[in-house]
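Novice:
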Amino acid sequence: MEAIWTLLRFCEYITAGNLLRGIKVYRTSLMCGAGLFCAVLTGCATKPVPSDVTGLTSYAIVQQIRCEARDAIRAFATNSLAEHQPLLSAHLKNNPADFIGLDFRKLDEATRRVFERYDQGAIGYDFTFDITEKNKAGGGIGLRRGFSTGPLTIGFRADNNLERQNTRTFRSADTFLFLATQMPERFCSEVRKGTNWQYPISGSIGLRETLATFISLNQSANLVGPDKTPDIPTLVDTIEFTTTVSGSVSPKVQLEPISQALRINGADITLSGERIDKHKVVVGLTLPFDPNDQRARGNLIAVQRSLSAIADAKRESREERKASAIDRLIE
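Quick note, our numbering runs 400 ahead of the 1-based positions in the sequence shown.
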């Protein structure tokens with residue numbers, strides 16, 4: 401609507417003979433209209449980043465996915481406990497915070513073997529955010545003068561096309577044991593739940609199914625790794641989401657000349673915007689052939705140590721309070 405009124409004001413100035421003022425209004429309308437339109441439609445930004453449209457920073461997106469992985473691993477753990485330790489399984493389902501600092505060495509031998517087999521399992525995340533934003537603004541002016549032999553029409557047009565692109569890549573990694581028993585509860589206290597259909601990377605991406613498939617294949621299908629490391633069971637999911645938002649508006653004013661003088665015949669403005677978000681995460685699950693093989697675990701040591709430090713103070717204060725209750729459930 402603002403663009404239409406701008407066109408009418410422009411035509412009014414030109415008709416009154418104030419060409420300079422009319423051109424200034426027209427040029428300003430293109431610049432302001434393009435900025436407003438792209439901001440409303442696509443989250444216009446000098447450097448496009450995921451938070452423009454998802455409402456989450458890159459850190460928060462990683463936080464979402466790591467917490468989803470934690471919940472999937474804890475679900476596997478409680479299901480594994482159900483057969484031999486049903487009371488403990490039920491307790492942990494209802495009180496997941498009690499996973500922090502839980503000592504699995506006190507479990508029965510059969511359950512402990514399962515946990516020892518998977519506690520140094522690793523999950524890695526390789527993120528790529530590829531974002532392209534395009535904004536276009538254009539306008540045209542038509543001049544007309546009548547002659548006895550027919551009308552003369554002259555057209556002028558100007559366009560302003562902008563494009564910005566940003567590709568962000570990074571990696572993160574965890575062990576199953578760290579996610580289940582050492583990640584601070586507060587780290588996941590404010591994550592979003594459920595699926596975001598518009599921007600799926602900012603919600604649940606289905607890691608519970610990924611983990612369940614990895615464990616099932618490893619348990620019963622002799623899962624192996626790549627050619628160079630066949631002794632390290634591996635499963636990789638490459639998950640990519642593409643969201644394209646676009647739109648345009650093209651108001652136009654058509655006037656009829658009332659004299660033989662050179663007059664404005666019509667004017668138009670075209671505003672359009674498009675944003676393409678390609679959010680990709682490669683989730684890799686690996687299980688060292690030998691849980692004590694430091695070479696298989698080496699890429700996770702630095703990550704684990706730095707993140708463990710965050711949890712140490714809180715875990716130490718909690719362990720004494722809940723140790724006796726957990727021991728009673730195991731017994």
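No residue lacks a Cβ here, since even glycine has one placed at the ideal position from N, Cα and C. The model shown is predicted, which means the values in this text are computed figures rather than measured ones.
(1) Whole angstroms are fine: how far does the CA of A522 sit from the CA of V703?
(2) Rounded to the nearest angstrom, how far is the Cβ of L579 from that of I473, given a contact under 8 Å?
(3) Can you name, in chain order, every residue of its own chain whose Cβ lies under 6 Å from the Cβ of Q464, other than the five neighbours on each side?
(4) Between which two residues does the alpha helix (DSSP H) containing I605 stretch?
(5) So is the beta-carbon of K493 under 7 Å away from any non-hydrogen atom of the ligand NAP?
(6) My parser needs the beta strand (DSSP E) runs of 3 or more residues fully inside the segment 507-587; what are they?
(7) Ends of the alpha helix (DSSP H) at S451?
(8) Roughly how many whole angstroms lie between the Cα atoms of I676 and T644?
(9) Report the option in Q582, L577, T569 and G538 whose CA atom is closest to the CA atom of F476.
(10) For a quick check, are the C-beta atoms of E674 and K534 less than 8 Å apart?
(11) Should N560 be labelled buried (16 or more other beta-carbon atoms within 10 Å of its own) or exposed?
(12) Span of the alpha helix (DSSP H) holding L487?
(13) Mind reading off the beta-carbon distance from R564 to P448? Whole number of angstroms is fine, and I expect it under 8 Å.
(14) Pick helix, strand or coil for I701, following the three-state DSSP scheme.
(15) In this structure, how does DSSP classify L483 when only helix, strand and coil are distinguished?
(16) Mapping DSSP to helix, strand and coil, what is S650?
(17) Which value, in whole angstroms, describes the spacing of the CA atoms of S620 and T613?
(18) What separation, rounded to the nearest whole angstrom, lies between the Cα atoms of I639 and S604?
(19) If we ignore side chains and look at the alpha-carbon of each, how far apart do R505 and K628 end up?
(20) Around the Cβ of Q520, are there at least 16 other Cβ atoms within 10 angstroms (buried) or fewer (exposed)?
Specialist: Well, looking at it:
(1) Here residue 703 corresponds to residue number 303 of the sequence shown, with the count starting at 1. Here residue 522 corresponds to residue number 122 of the sequence shown, with the count starting at 1. Because V703 carries a pLDDT of 39, less than 50, the predicted location of this residue cannot be relied on, and the following value inherits that uncertainty. Rounded to the nearest angstrom, the two C-alpha atoms are 11 Å apart.
(2) Translated into the one-based positions of the sequence shown, residue 579 becomes position 179. Translated into the one-based positions of the sequence shown, residue 473 becomes position 73. Going by Cβ atoms, the distance from L579 to I473 rounds to 5 Å, so yes, they are a contact pair.
(3) Translated into the one-based positions of the sequence shown, residue 464 becomes position 64. Excluding residues within five positions, the ones whose Cβ falls inside 6 Å are V591.
(4) Numbered from 1 along the sequence shown, position 205 holds the residue referred to as residue 605. Counting along the chain, I605 falls outside any alpha helix (DSSP H), and DSSP gives it neither H nor E.
(5) For the structure depicted, the ligand NAP is absent and the ligand set is empty, with no information on it obtainable.
(6) 522-545 and 552-575
(7) By 1-based counting over the sequence shown, the position of residue 451 is 51. Here the alpha helix (DSSP H) through S451 covers S451 to T454.
(8) Counting from 1 along the sequence shown, the entry for residue 676 is found at position 276. Counting from 1 along the sequence shown, the entry for residue 644 is found at position 244. Near 4 Å, if we compare the C-alpha coordinates of T644 and I676.
(9) Taking the first residue of the sequence shown as position 1, residue 476 is located at position 76. When only C-alpha atoms are compared, the closest one is L577.
(10) The residue you call residue 674 lines up with position 274 of the sequence shown. The residue you call residue 534 lines up with position 134 of the sequence shown. Cβ distance < 8 Å, so E674 and K534 count as in contact.
(11) Counting from 1 along the sequence shown, the entry for residue 560 is found at position 160. Looking at its Cβ environment, which holds fewer than 16 other Cβ atoms inside 10 Å, N560 is exposed.
(12) Working through the sequence shown from its first residue, we reach residue 487 at position 87. Here the alpha helix (DSSP H) through L487 covers P486 to N494.
(13) Counting from one through the sequence shown, the residue named residue 564 turns up at place 164. Counting from one through the sequence shown, the residue named residue 448 turns up at place 48. About 6 Å separates the two Cβ atoms, so the contact holds.
(14) Within the sequence shown, numbered from 1, the residue matching residue 701 stands at position 301. For I701, the predicted structure reports a pLDDT of 46, less than 50, and the residue's modelled location is therefore unreliable. A value from the coordinates is still provided. It is helical.
(15) Position 83 of the sequence shown, counted from the first residue, corresponds to residue 483. The residue you asked about is not Leu; residue 483 is Glu in the sequence shown. If DSSP states are grouped into helix, strand and coil, E483 belongs with coil.
(16) Translated into positions along the sequence shown, residue 650 becomes position 250. Coil.
(17) Position 220 of the sequence shown, counted from the start, is the residue given in the question as residue 620. Position 213 of the sequence shown, counted from the start, is the residue given in the question as residue 613. One C-alpha to the other measures close to 11 Å.
(18) The residue given as residue 639 occupies position 239 in the sequence shown. The residue given as residue 604 occupies position 204 in the sequence shown. Taking the straight line from one Cα to the other gives about 12 Å.
(19) To locate residue 505, count along the sequence shown from 1; it is residue 105. To locate residue 628, count along the sequence shown from 1; it is residue 228. The alpha-carbon atoms of R505 and K628 are separated by roughly 33 Å.
(20) Taking the sequence shown and counting its residues from 1, the one referred to as residue 520 is at position 120. Result: buried.
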